[in-house]
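See below for the structure under consideration.
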């Protein structure tokens, strides 16, 4: 199992360069085909709206949006060349980013995005990308933090932390992450408060998953711990203490409504992350 096609979101965000660097480094490591995809932010239904006289954007504004997306693709292509990616293509997509990437990601092994930044307004999107694509997409997402404590120019995925709670979402994420885990010198499988998920674990919480990973050649160490801290805070704290350079976790194990109203592990980690996170739903 390997990543053969990686979809890399291209835009003009201030932190886009870090996303390009990590996506390109992984494409080079796996000798994968890399697709740089930029969305104009102009809905694919625009021609119909223009014809009906109800489209709010001027032709000049739409040209500026297209030019911005094209510039993002140029920057992404430069990064691909810099990182010696063997197979690369650019795609300029006439749609909003969430809709365009959702369609394109169906034929990719991995989607690389940046952590959503509420302080930055970009023309290609109207809402946060990561939650939308995580909930509605079919592929794992590697989320690159706005500010990373992990040097993104270092060799990636040397000591990942796997957040394991026995759920289907966690199992999906760990399976999707296998190509990355096989790059690691060491992998830590973390089980927190196993007694709260008794029906989802075997007699020794995490033991079966540790054996599963070991049979795939993953050098895994199991840590089972109890904490009174919020789970997201405990996971990120453990990652800092161990010096992990990647977090792998399942996303939105509860209903989206309860996550939105009550908050949740996924939302908190995606808001406060300081290392790359691979997440699957």
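In our numbering, the protein residues as written are 31 to 311. Think of the CB as a built atom: it goes at the ideal place given N, C-alpha and C, for glycine as much as any other residue.
Check, Outcome
"Using the rule of at least 16 other Cβ atoms within 10 Å of the residue's Cβ for burial, across every protein chain shown, is residue 161 buried or exposed?", "buried"
"Please name the residue, chosen from 200, 295, 248 and 235, that lies closest to residue 261 on a Cα-to-Cα basis.", "295"
"Have a look at residue 164 and residue 176 and give me their C-alpha separation to the nearest angstrom.", "18 Å"
"Can you check the region 100-144 for any alpha helix (DSSP H) of at least 4 residues that lies completely inside it and give the ranges in chain order?", "127-135"
"So what does DSSP say about residue 205, is it helix, strand or coil?", "helix"
"Opposite residue 66 in the DSSP bridges: which residues?", "38 and 120"
"Quick one: does the C-beta of residue 208 sit closer than 8 Å to a heavy atom of the ligand NAP?", "What this structure holds is no ligand at all, so the ligand NAP is not there to describe."
"With distances taken between CB atoms, is the gap from residue 304 to residue 180 smaller than 9 Å?", "yes"
"Tell me residue 159's beta-bridge partners as DSSP assigns them.", "Per DSSP, none; premise fails for residue 159."
"Pop quiz: residue 217 and residue 174 are said to be a contact at Cβ under 8 Å. What is the actual Cβ separation, rounded to whole angstroms?", "So it is not a contact: roughly 20 Å between Cβ atoms."
"For residue 251, write down the residues that DSSP places opposite it in a beta bridge.", "218"
"For residue 253 and residue 192, what's the separation of their Cα atoms in angstroms?", "10 Å"
"Can you name the start and end residues of the alpha helix (DSSP H) that residue 239 belongs to?", "237-245"
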